[in-house]
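Taking my numbering, the leading residue of the sequence shown gets 33, the next gets one more, and so forth. Ideal placement from N, C-alpha and C gives every residue a C-beta, glycine not left out.
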Amino acid sequence: MEGILSKEPTPFDASGGLQLAGSDILSGYLDNNPVLESLPTPSAMSSYGFDELLNLSTQGANTLSSGFDNHAFAHQHVGVFSNSVFDSNLDAEEFDLTSDSGHLTAGETFDSLRSSGSLVHEDEYLVGDWNGDGRDNIAVRRGNQIWMDFNFDGTADFIQAYGNGNSEDEYLVGDWDGDGRDNIAVRRGNQIWMDSNFDGTADFIQAYGNGNTEDEYLVGDWNGDNRDNIAVRRGNQIWMDFNFNGFHDFIQAYGDGNTEDEYLVGDWNGDNRDNIAVRRGNQIWMDFNFNGFHDFIQSYGVGNSEDEYLVGDWNGDNRDNIAVRRGNQIWMDFNFNGFHDLIQSYGNGTTEIQQSANFSSIEQVSLSNSSDFYHFRINQSGIFTANLTGLTGDADVRLIQDRNHNGQIDQGEVLAWQWERGTGSESIRRFLNSGDYFVQVMSYNNQTANYNLSTNFTTAVTDNRNFDIQLNFSNALSGLNTNARNAIQQAAQFWEQVISHSTFNGVHNLSIDVTGASLSGNTLAQAGPRRYQRDANNRDMPVTGAATINTNRLSTFNSNPDFLRDIMIHEFGHVFGIGTLWESRGRDFVRRSDGTYNANTYAGWAYGELNNTFRQTAIPLTTNVGSGSDYGHWREQVFTNEIMTHAIGSGGSPMSQMTIASLRDIGWNVNYGAAQPYSLTQNVVRVTVNRVQAIDNPDSPFGSADFYARVNIGGVDQRSDDISDRNDIRPNWQFSHGTSSSSVPITLRIDDADSGLRGGDDHVDINPFRSQKDLQLNYNLSTGVISGPGVIGTEGNLITIRGAGDSNRALIQFTVDQLPV
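Shown next as structure tokens:
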């Protein structure tokens, strides 16, 4: 994942009343709803860990009456509950309200109360072997949900709900039943509620210790029986229970037991028994054999308040090692040498809650703290801006909304992101509706960057610099069904997410005429801009455009609207100027001498990032294909299925940041967050059809064959042009597609075009067996062998096959090889 955002607060029941309790709470009303009389006593509340209890509905109009004027909490723990009757098991949203920010005054809304406090439920980091693979992994707890990662990829593989998640619950991790998997336990007082099977219910409850503030609870396999047990530390004495009976079996004295000593547990020497270590600063003093003397001292990390120390068997060698968490990055050492062997990013680390959408911050991001998150909430629509200045290194600012409340940054949830490279200032702008949002400041390429962040929010009903697309359908497309028309609308809506706002001093409406015509060959559609206007930056920007869809392919589009959506995203890109404005109206981005797009551009930066050079790099363009394709597309042999190559397949065509960056070069305001996952492939497979010779003339007695080829490489269909009235052709048709796999399936098919519609064409037999007509091949890129039923060959060498059917047979000669990327 990219990051995990903080969990959405628990929703509130709109039927709930106002419930206040405490030593000095006054009577009052919430919009004329009386305060409920049945309230817990202050002592009862204290036992639940709260100084004050509030029960408020979600209605934004609800305000606190004058009875609560200037009621300040010096620094009290406040729980806001969702039911009208208080119950210790209810989920709560918790706040720390201080005397500076926590005043409840007349006319104050519940929303403002939430904005003024700091949410307590930030990320707690836990360590365990969640899947029994012998390696410990990270989990993040938010409230009563534990988000477990199984494989160090930074994404949650399992989410377990357990306990209440409030301040009364202390979460512990251990293998309680010896099955090789660590599970969760919750401690309440001196009772440890253990779940052994991830079902969220307690399988065993152990009472141990006193459960007061004097007792620190530790977990370890003290006797090597493969089951973790509880220990209680009091001062420098660790009272260990070996068998869950609630009595101590061994008492170890170690360390000083004062506030300078942090106690850690791990199997430091691989003897299958956990031992104690004491951390002082950045030194971890490890005892291997319960004798109370240190056997090894490891120095790791800095040891200040920024470092949280974790313990786990990160590499499966049966020895526990140290990790240091800084922000959302966990720096893991595998071999006690004091250097990190793996850095994993997971969770938020820390998210700052802002009192309003207008805030500022002076901070730093770096390799050890790659991102800072700022959380704010707005109650009405308006225009939000954020400016990143004073940069000492490269950093980016992004606006995020966790729309599905899953705690991850998913596709479509980055609402604004317009990077600059180097230390130049950045700014983003977005019209927002009411809701919860995050601003993220993140280091670029692990650079250390001091930054000044300032934001502004201005309420507005509409966006005075809105960008939108208007589609005008012609009657020539009456043959498109509803799903196909919706696909074209979806393509326009996609582009409305790419363009963040108008470059004019006002709104920008781009009107596109969408029509149909019979287009020759394998052309699916074509498009471009028509009319321009000069914007606020003195650039000619398109205000109208036209797109033409090949009516010969309507049946294909009707049956595969997703394919049509990708086609129209591509074509609308040409309306925006991709390939059509690169060399006109004052723009000069193409170098025809070597067929590249200039390196000194935003797109050049994006290509350098794709190549992992992080330098501006000239981009290969399409050449030697034809006037409609050359110098107006990314080179397909390099970029394979990227949306703006000259050929498009039905297997999906993502839009990269490089394409969006070329729009920035043209002059558009863009959102890089609209880019889709894309990376350069490791291998490009090429199929070349050298010869097709009719054995049986499919057009006899009316003429000669009109051959064309259809080739599928790795699931992506491609089609050649037709060659008319020739029974023996040497077309040198080339088809290519990128892949990261070592084995690629290939289907090769030949047809004879008759009416120009797919249903009327003759299917030519090129298979050496009578039961099939096409060639079904497999290309092993490691060995270079091409194989299939009746076919065997090697890469780069000509393969000749004759069809063996009863009619429409042909001979085909072709080669398969790899292209260098």
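**Residue range of the unbroken beta strand (DSSP E) whose run includes residue 548** = 540-549
**Prompt:** Leaving out five residues before and five after residue 821 in sequence, what residues of the same chain have Cβ atoms less than 8 Å from its Cβ?
**Reply:** 799, 800, 801, 804 and 808
**Asked** Among residues of its own chain, excluding the 5 on either side of residue 702, which ones have a beta-carbon nearer than 7 Å to its beta-carbon?
**Response** 450, 530, 531, 532, 692, 695 and 696
**Prompt:** residue 206 to residue 167, Cα distance in whole Å?
**Reply:** 14 Å
**Item:** Pairwise C-alpha distance: residue 502 and residue 68
**Value:** Legend: pLDDT at residue 68 = 27, less than 50; position of this residue unreliable, value from coordinates given subsequently. Rounded to the nearest angstrom, the two C-alpha atoms are 55 Å apart.
**Asked** Would residue 404 be called buried (16 or more neighbouring beta carbons within 10 Å of its own) or exposed?
**Response** buried
**Request:** Would you check if the segment 735-742 and the segment 717-726 touch, i.e. whether three or more CB-CB distances between them fall below 8 Å?
**Result:** yes
**Cα-Cα separation between residue 569 and residue 595, rounded to whole angstroms** = 36 Å
**Item:** Helix, strand or coil at residue 590 [DSSP, three-state]
**Value:** helix
**Prompt:** Tell me the DSSP bridge mates of residue 483?
**Reply:** 395
**Prompt:** Given that a residue counts as buried once 16 or more other Cβ atoms are within 10 Å of its Cβ, and exposed if not, what is residue 540?
**Reply:** buried
**Message:** Whether or not the segment 390-402 and the segment 474-481 are in contact is what I'm after, with contact meaning three or more pairs of Cβ atoms, one per stretch, closer than 8 Å; do they touch?
**Reply:** yes
**Asked** residue 533 by DSSP, collapsed to three states: which one?
**Response** coil
**Item:** Length-filtered (3 minimum) beta strand (DSSP E) runs lying within the segment 403-463
**Value:** 403-410, 414-421, 427-432 and 446-448
**Host beta strand (DSSP E) of residue 179 (start-end)** = 177-180
**Message:** Could you pull the DSSP bridge partners for residue 771 from this structure?
**Reply:** 715
**Item:** For residue 249 and residue 204, believed in contact at Cβ under 8 Å, the rounded distance
**Value:** 6 Å
**Request:** Please list, in chain order, all residues of the same chain as residue 640 whose beta carbon is under 7 Å from its beta carbon, the five residues on each side excluded.
**Result:** 646, 647, 648 and 649
**Asked** Do you know offhand how far residue 326's Cα is from residue 255's?
**Response** 19 Å
**Prompt:** Nearest-angstrom Cα distance between residue 775 and residue 818?
**Reply:** 10 Å
**Prompt:** Does the Cβ of residue 38 have 16 or more other Cβ atoms within 10 Å, making it buried, or fewer, making it exposed?
**Reply:** In this predicted model, residue 38 has a pLDDT of only 28, less than 50, meaning its place in the structure is not dependable; the value taken from the coordinates is given anyway. Answer is buried; the Cβ neighbour count reaches 16.
**Asked** Which ranges does the beta strand (DSSP E) cover as unbroken runs of at least 3 residues, wholly within the segment 240-274, from first to last along the chain?
**Response** 248-252, 261-266 and 269-272
**Item:** Status (buried if at least 16 other CB within 10 Å, exposed otherwise) for residue 846
**Value:** buried
**Message:** Check this for me: beta carbons of residue 578 and residue 562, under 7 Å apart or not?
**Reply:** yes
**Message:** Measuring straight from C-alpha to C-alpha, what distance separates residue 593 and residue 507?
**Reply:** 19 Å
**Request:** Report yes if the C-beta distance between residue 463 and residue 520 is below 7 Å; otherwise report no.
**Result:** no
**Prompt:** Going along the chain, which residues of its own chain have a beta-carbon closer than 7 Å to the beta-carbon of residue 428, five neighbours each way excluded?
**Reply:** 449, 451, 458, 474 and 476
**Request:** In angstroms with no decimal places, state the Cα-to-Cα distance between residue 607 and residue 518.
**Result:** 19 Å
**Request:** Name the residue from 494, 390, 401 and 345 whose alpha carbon lies nearest to the alpha carbon of residue 357.
**Result:** 401
**Request:** Could you tell me if residue 277 is buried or exposed, where buried requires 16 or more neighbouring beta carbons within 10 angstroms of its beta carbon?
**Result:** exposed
**Request:** Tell me residue 709's beta-bridge partners as DSSP assigns them.
**Result:** Per DSSP, none; premise fails for residue 709.
**Prompt:** According to DSSP, what are the bridge partners of residue 202?
**Reply:** 219
**Distance between beta carbons of residue 771 and residue 715, contact taken as under 8 Å** = 6 Å
**Request:** Look at the alpha carbon of residue 564 and the alpha carbon of residue 547, and state the distance between them as a whole number of angstroms.
**Result:** 20 Å
**Request:** If I'm right that residue 181 touches residue 169 with Cβ under 8 Å, what's the distance once you round it to whole angstroms?
**Result:** 5 Å
**C-alpha distance - residue 766 paired with residue 672, whole-angstrom precision** = 13 Å
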